[in-house]
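> Just dropping this structure here.
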Amino acid sequence: MPKPFPCIACGADVTAEPGAEVMPCPYCGTTLTIPPRLRQEARSEPLEARPASGPRDPFSAAASVRLDNETRERGQRENEMLAEGLRRAQPIATKAVGVYNSWVLARRFLPGCLAALVVACLLGCLANIALLVFLSQR
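Under our numbering, the first residue of the sequence shown is numbered 8, with each subsequent residue one higher.
Right, dumping it as structure tokens:
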């Protein structure tokens, strides 16, 4: 009899299909790679001879998984550690977003501002030259 192996997504016990290297989890639909030690040779019976399996209850996988207290506590500690990391990273991310927004605005408006500055300088220089010409004729 084939040995079941746990699904990587939902943890349900899954029995490898004969001759398959990859199969979907019958409970959650995740694509599973069958461990090499559990791969079976294809049976000689045709697929039609196998009994048809009807739709399975997706919640039965959760019922088959029993967590002990140590696993629950470890999961809770990991969740708390991740939440604390996110809390610490939030101010950094907020500042990074502000810097990025400034950069986007600078990239958008800086060329126009520089062009306006160049035009203003040229007009100022032309005005000075015109004033010098006007004053030198008197």
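In this text, a Cβ means the ideal position worked out from N, Cα and C, and glycines have one as well. Bear in mind that the values here come from a model prediction, so they are computed numbers and not experimental data.
Excluding sequence positions up to five away, which residues of its chain have a Cβ less than 8 angstroms from the Cβ of P31?
Correct list, in chain order: T37, T38, L39.
> Based on the DSSP output, what are the partners of L39 in its beta bridges?
According to DSSP, L39 bridges with M30.
> On the CB-based measure, 16 or more other CB atoms within 10 Å of its CB, does I99 come out buried or exposed?
Exposed, since its Cβ has fewer than 16 Cβ neighbours within 10 Å.
> Classify I15: buried if its beta carbon has 16 or more other beta carbons within 10 angstroms, exposed otherwise.
So I15 counts as exposed.
> Determine the direct distance from the alpha carbon of L117 to that of E91, and round the result to whole angstroms.
Cα to Cα, the separation comes out at about 39 angstroms.
> Count the other CB atoms within 10 Å of the CB of I41; is the residue buried (16 or more) or exposed (fewer)?
With 16 or more other Cβ atoms within 10 Å, it is buried.
> By how many angstroms is the C-alpha of A96 removed from the C-alpha of R50?
Residue placement at R50 is poorly supported in this model, since its pLDDT is 44, which falls under 50; the coordinates are not used for a value here.
> If we count the other Cβ atoms within 10 Å of its Cβ and call it buried at 16 or more, is A27 buried or exposed?
Exposed, by the Cβ-count rule.
> Just verifying my parser: in three-state terms, what is the DSSP assignment at P25?
Coil, per DSSP.
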